[in-house]
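Protein sequence lines, in the order shown, are assigned to chains E and G. So for the first sequence, the numbering used here puts the first residue at 467; every next one is plus one. So for the second sequence, the numbering used here puts the first residue at 240; every next one is plus one.
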Amino acid sequence: MNWSIAPLALAALLLALAAGTAGAADPLPAIQASAQASGSFKGFSAERGAAFFRAKGSDWSCATCHTLDPRKPGRHTVTGKAIEPMAPGVNPKRLTDVAKVEKWFKRNCRDVLDRECTALEKGDVITYLRSLGR
Amino acid sequence: MTIHRIAIPILAGLAAMGAAEGAQKSPPPPPNPAWQDECGACHLAYPPRFLSANSWQRVMVGLDQHFGTDASIEPAVAKKITAWLVANARKPKAGKPEPVPPPLRITETRWFIGEHDEISAARFTSPAVGSEANCAACHRTADQGNFSEKNIKMPPK
């Protein structure tokens, strides 16, 4: 071991750790801040989230792939690939990574609705998924 | 130090020659976590050797409209994955010019059609398979990048 590079290696390790955990956070506070910024925000609703989850856009709804019960595994409607349950009650990894949550909302809202979701819609869906037990 | 300076480029050169010679037969390239995560999220992460470099470049610039779905990824990640796909892509055969434009679908490549010409369309769309995209229905070790003929087991009709 070349000890002259040890501080550098340590700094790199700390940076890598920080980068690794940067995404691992609750995505809801930022979404709530964005919803509040748009005016008349009165809180998120699990009921609205549930209705949104089941509502069809042109062809698909969230439930098309994630099923009507997000505690159950889903299936990609085009490729058939298995999708792990969305509800954190049965799959604790869900909704814990800001970048991942934003990436999938962006893609899937455009697939279902041909547009991106609003902050209110995203917050409602997250609230709904978190309201489901095991 | 002097020895290393000479030896490393020579070794790297030899390795590159070996890789080029056995391009179509060599074992799969080392797994790439970003490729596995991003491409493997919705379907089997199709190996780079399934499409040409030109095809991969076309696929990767059109991810926001990827066979009917939005599969867009962060530009920095896309750039890295593209570089890896291109570096490990299928090498065009000498004297066989690539179709223009290069195919986006693996199932439209000459090699795929040739390898699967004895499989009926009905077999591909049967409930157990679903579509030609579902390699693992028959290639039972496809998720490990292994498409060897001896690992093929067709689901019952």
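The beta-carbon is built from N, C-alpha and C at its ideal position, and this holds for glycine as well.
{"Item": "Whole-angstrom distance between residue 546(E) and residue 385(G), CA atom to CA atom", "Value": "20 Å"}
{"Item": "Close beta carbons around residue 487(E), own chain, < 8 Å, minus the five adjacent residues each side", "Value": "Reliability fails at residue 487(E), whose pLDDT of 49 lies under 50, so the model's placement of it is uncertain and the value that follows must be treated cautiously. Closer than 8 Å at the Cβ level, and outside the excluded window around residue 487(E), lies no residue."}
{"Item": "Start-end ranges of the beta strand (DSSP E) lying completely within the stretch 322 to 361 of chain G, minimum 3 residues", "Value": "none"}
{"Item": "Selection of the stretch 359 to 373 of chain G by Cβ proximity to chain E, strictly under 8 Å", "Value": "369, 370, 372, 373"}
{"Item": "Simplified DSSP assignment, three categories, for residue 563(E)", "Value": "strand"}
{"Item": "Proximity of residue 290(G) and residue 328(G) at Cβ, strictly below 8 Å", "Value": "yes"}
{"Item": "Under 8 Å (Cβ pairs) to chain G, residues found in the stretch 547 to 562 of chain E", "Value": "547"}
{"Item": "Sequence-distant residues of its chain with Cβ nearer than 7 Å to residue 345(G) (five each side left out)", "Value": "285, 289, 290, 351"}
{"Item": "Counted within 10 angstroms of its Cβ, other Cβ atoms place residue 595(E) as buried (16 or more) or exposed", "Value": "buried"}
{"Item": "Contact under 8 Å by Cβ, residue 376(G) with residue 367(G)", "Value": "yes"}
{"Item": "Residue 355(G) versus residue 588(E) - alpha carbon distance", "Value": "43 Å"}
{"Item": "Identified DSSP bridge partners for residue 308(G)", "Value": "305(G)"}
{"Item": "Residue 532(E) at chain C interface by Cβ criterion, 8 Å", "Value": "Protein chains E and G are contained in the structure displayed, whereas chain C is not."}
{"Item": "Cross-chain neighbours of residue 544(E) in chain G, by beta carbon under 9 Å", "Value": "281, 282, 306, 307, 308, 370, 372"}
{"Item": "CB contact flag (residue 310(G), residue 573(E), <8 Å)", "Value": "yes"}
{"Item": "Enclosing alpha helix (DSSP H) for residue 515(E) [first to last residue]", "Value": "512 to 520"}
{"Item": "Exposed unless 16 or more other CB atoms sit within 10 angstroms - verdict on residue 390(G)", "Value": "exposed"}
{"Item": "Residue(s) in a DSSP beta bridge with residue 291(G)", "Value": "329(G)"}
{"Item": "Chain-ordered neighbours of residue 577(E) on chain G, where CB pairs are closer than 7 Å", "Value": "308, 309"}
{"Item": "Cβ-Cβ separation, residue 585(E) to residue 506(E) (assumed contact under 8 Å), whole Å", "Value": "Actually they do not touch by this definition, with Cβ atoms about 12 Å apart."}
{"Item": "Under 8 Å between C-beta atoms of residue 294(G) and residue 342(G)", "Value": "yes"}
{"Item": "Within-8 Å CB hit, residue 520(E) to chain G", "Value": "no"}
{"Item": "Strand pairing of residue 540(E), partner residues [DSSP]", "Value": "549(E)"}
{"Item": "Neighbour list for residue 573(E) in chain G, Cβ cutoff strictly below 8 Å", "Value": "308, 309, 310, 311"}
{"Item": "Beta-bridge partners of residue 496(E), as assigned by DSSP", "Value": "Note: residue 496(E) sits in no beta bridge, so no partner."}
{"Item": "Residue 519(E) to residue 526(E) span [Cα, whole Å]", "Value": "10 Å"}
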